[in-house]
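Numbering (my numbering), first residue to last: 4 to 133.
Take a look at the structure:
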């Protein structure tokens, strides 16, 4: 019952839709990379994309919750999304620290490209805030 009431809010429905769209984008990317990369590099790309997806999903939900609230709450959730991305990058850099250079490259580039692509989903609804 509480779960259905949670999604009666239009903003949370939009957040769920955006997260689902991000999931589809990441799944298509993962499938295409699986076809073209060997196992070692695929694992790096997979990890980078999954951390980017997780950070973007948390940020998307936060920004959708902030819609219609004060500018202060929006700013706090916006900065929180940036901090989540920085922590994700720090996590991946720590994991890649002792890896060979090509694995580091695949890991970090896939994270950065994933974040850039998923930014489009996150900031798409913001034009309604202005």
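No residue lacks a Cβ here, since even glycine has one placed at the ideal position from N, Cα and C.
For residue 121, the uninterrupted alpha helix (DSSP H) segment begins and ends at 104 to 126. In this structure residue 111 is in contact with residue 95, their Cβ atoms being roughly 6 Å apart against a cut-off of 8 Å. Between residue 28 and residue 120, the CB-CB gap stays under 8 Å.
Each of 16, 15 and 21 was checked against the Cα of residue 122, and the nearest Cα belongs to 21. In the structure shown, residue 37 falls within a helical segment according to DSSP collapsed to helix, strand and coil. Taking 8 Å as the upper bound for CB-CB distance, residue 88 and residue 118 are in contact here, some 6 Å apart.
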